[in-house]
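Chemist: Take the sequence shown: its position 415, counting from 1, is numbered 1625 in this note's numbering, and each next residue is one higher. C-beta: ideal position from N, C-alpha, C; glycine also. Given the structure is predicted, the values throughout are model-derived calculations rather than measurements. Questions regarding the structure given below will be posed in turn.
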Amino acid sequence: MLWIALYLPQLPLQALPGSHTGLEAALPVAVTEQHMLLGANRAAHALGVRAGQSVATALSLLPQLVVFPRDRPREAALVERLALALAALTPHLSLIPDGVLLEVQSTLRLFGGIHALLHRAQALARTSGVQVRTGCAPTPGAAWLFATSGLARRHALQARSSAQQLDRLPVASLARLLPPSLHQSELLQALGIRTFGALRALPRAGLQRRLGVDLGRALDRCYGDAPDPRPWFVPPEHFLARRELLQRADEAAVLMAAVEALLPALRGWLQLRWQAVTVLALRLRHEHGREPCPDTRLRLQLSAPSRDIAQLALLWRERLQRHVLAAPVYELALELEAAVPHGGTPGELLPGPGRQDGEHAALLDRLTARLGSDHVRRWVPRADHRPEHAQRVRSVGEPPPAPFATTAPAPTAPRPLWLLPLPLPLASDALGRPRHGGPLRVCSRAERIEAGWFDGALVRRDYHVAEGPDHRLRWIYREHPGDASSGGWFLHGWFG
């Protein structure tokens, strides 16, 4: 097996809410827990504030320092969002408090090797808005130690090279594997034991009597001498991802950048749940002025289920560009309203009907996002043989009608592309033959249509294809003999 570990060294700081925080903010900011600093941004670090200082010491050095308490729920949500984005690389993920572990042995060939996988993982982390350090090893514990260590080489693909790098790690790194009551790294250093290699060289029986069995078991798991089962990440039942903006936004470009940071997590959720999007919603939270401004909710209804985040990003860009904001936005949330089971689409060597259907659905979705669902319409078939009632126009935003069951065979006679709004009466010659710009030549046998008895609009017609002097094909009919208007010819449609 081969594992990649992603460590978030600035997680407490990057999980802070608000627009004035962050690593690049000009305002000096720090995160605290139990009166101790866990981290500080670059502005605070440049002025002497360091992690590990007490709050009193930091404030004495920098009175204008803004201090925030640690927010563990936000940290967990950020790690989960990163894990969902990384699901594009492997379905085998395991979460730890400040990082994510990926088992990638089965996807190495798919992505072109470990270096390509590491590059993709780092790119997904940047898109998700977090800074990470990576480690790679045959065991999850070793990969995690490499990611959190200060070693120049943090990647080992073979068990032998992994063991050699582990031997050089300081025993203080045990704090990344065990709680303080178990790792006892200070005691080990006091005894002159500085590295993992020196620790493993000690007799195991004496080590267990003095320090317990947990320390030896943790080492065995890291070196691959004992199994290290990890609980696999299970995505939540419902997808909802929030993102606070670094500044109040009143432009579509700023909102779109935030949406694009959330879309990789949506793709991972869909892949892990074997689902595809049908309806997606974006909730915008506005800055309040003199009067409170309610949230704005934008919906994106797709004409066909999709997992393509590039297509979704394009649709949201079209939608946001034409939307007028009621007030500046400081937070947005992407929520999946409806999805359908989706087992994936098999690849095709040559373009086929499935690809054309997908391109048609993508075009329809883009037009809807740009113009609005009320301005894009489509034909919907109806269970009626009368041509003028066989279909009707509906908005693409309306749900599709329930499929109707019928045992009647589909008509085999040709149908024109264009129907006239109302049938046009035609002149006839002395022999009763139709004329339209000259005599018409009937090219087909009669197709009889009798329908409408159920709604009081009975029609009884014989339809023909006819060619005129201009060589254009027309769809004409004559009322059935015995009707009030029998004997007359009518033009009902044109063939393309």
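1) DSSP on residue 1581, reduced to helix/strand/coil?
2) Beta carbon of residue 1225, beta carbon of residue 1285: below 8 Å?
3) For the beta strand (DSSP E) that contains residue 1659, what are its first and last residues?
4) For residue 1325, does the three-state DSSP call read helix, strand or coil?
5) Exposed or buried, which one is residue 1230 when buried takes at least 16 other CB atoms within 10 Å?
6) Please go through the same chain and pick out, in chain order, the residues whose beta-carbon is closer than 6 Å to the beta-carbon of residue 1706, but skip the five residues on each side of it.
7) Are the beta-carbon atoms of residue 1548 and residue 1488 separated by less than 8 Å?
8) Looking at the secondary structure, which residues open and close the beta strand (DSSP E) in which residue 1260 lies?
9) Mind the definition here: the region 1586-1594 touches the region 1527-1542 only if three or more C-beta pairs lie below 8 Å; say whether that holds.
10) Which one of 1420, 1672, 1659 has the shortest CA to CA distance from residue 1398?
11) Judging by CA-CA distance, which residue of 1236, 1703, 1213, 1220 is the nearest neighbour of residue 1456?
12) Which value, in whole angstroms, describes the spacing of the CA atoms of residue 1213 and residue 1525?
13) Please report the Cβ distance between residue 1353 and residue 1292, rounded to the nearest whole angstrom; I am assuming they are in contact, meaning their Cβ atoms lie under 8 Å.
14) Helix or strand or just coil, what does DSSP make of residue 1361?
15) Should residue 1347 and residue 1217 be called a contact, given that it needs their Cβ atoms to be closer than 8 Å?
16) Using 8 Å for Cβ pairs, my map puts residue 1442 next to residue 1302. What's the rounded Cβ distance?
17) Does residue 1378 pass the burial test, meaning 16 or more other C-beta atoms within 10 Å, or should it be called exposed?
18) Going by DSSP in three states, residue 1533 sits in which element: helix, strand or coil?
19) How would you write the range of the alpha helix (DSSP H) that residue 1466 sits in, first residue to last?
20) Considering residue 1601, what are the terminal residues of the beta strand (DSSP E) in which it resides?
21) Contact defined as beta carbons within less than 8 Å: I believe residue 1690 pairs with residue 1672. What is the distance between those atoms, to the nearest angstrom?
22) Would you decide whether residue 1461 is buried or exposed? Buried here means 16 or more other CB atoms lie within 10 Å of its CB.
23) Measure the C-alpha to C-alpha separation of residue 1429 and residue 1410 and round it to an integer number of angstroms.
24) Please go through the region 1388-1459 and give each complete alpha helix (DSSP H) segment of 4 or more residues, from N-terminal end onward.
25) Report all residues from its chain with a CB closer than 6 Å to the CB of residue 1250; omit the five preceding and five following residues, and keep chain order.
26) Can you tell me whether residue 1706 is helix, strand or coil according to DSSP?
27) CB residue 1480 to CB residue 1517, shorter than 8 Å?
28) Taking residue 1511 as part of the beta strand (DSSP E), name the residues at either end of that continuous run.
29) Go to residue 1649, then tell me how far its beta strand (DSSP E) extends in each direction, as first and last residue.
30) Along the chain, where does the alpha helix (DSSP H) that runs through residue 1222 open and close?
31) Out of curiosity, what's the CA-to-CA distance linking residue 1400 and residue 1416?
32) For the beta strand (DSSP E) containing residue 1672, name the first residue and the last one.
33) Roughly how many angstroms separate the alpha carbons of residue 1638 and residue 1585, rounded to a whole number?
34) Here's a check: name, in chain order, each residue in its chain whose Cβ is nearer than 6 Å to the Cβ of residue 1657, leaving out the five neighbours to either side.
35) Between residue 1343 and residue 1325, what straight-line distance do the alpha-carbon atoms span, to the nearest angstrom?
36) Given that a residue counts as buried once 16 or more other Cβ atoms are within 10 Å of its Cβ, and exposed if not, what is residue 1436?
Modeler: Taking the definition as stated:
1) helix
2) yes
3) 1657-1661
4) helix
5) For residue 1230, the predicted model reports a pLDDT of 45, less than 50, meaning its position is unreliable; a value from the coordinates is still stated below. By the neighbour-count rule (16 or more Cβ atoms within 10 Å), residue 1230 is not buried but exposed.
6) 1627
7) yes
8) Taken as a continuous stretch (DSSP letters only), residue 1260 belongs to no beta strand (DSSP E), as it is neither H nor E.
9) no
10) 1420
11) 1236
12) 36 Å
13) So it is not a contact: roughly 16 Å between Cβ atoms.
14) coil
15) no
16) 6 Å
17) exposed
18) coil
19) 1462-1483
20) 1601-1605
21) 7 Å
22) exposed
23) 8 Å
24) 1390-1393, 1395-1400, 1406-1410, 1414-1421, 1423-1433
25) 1240, 1259
26) coil
27) yes
28) 1506-1516
29) From DSSP, residue 1649 is part of no beta strand (DSSP E); its letter is neither H nor E.
30) 1221-1224
31) 17 Å
32) 1669-1677
33) 42 Å
34) 1623, 1673
35) 14 Å
36) exposed
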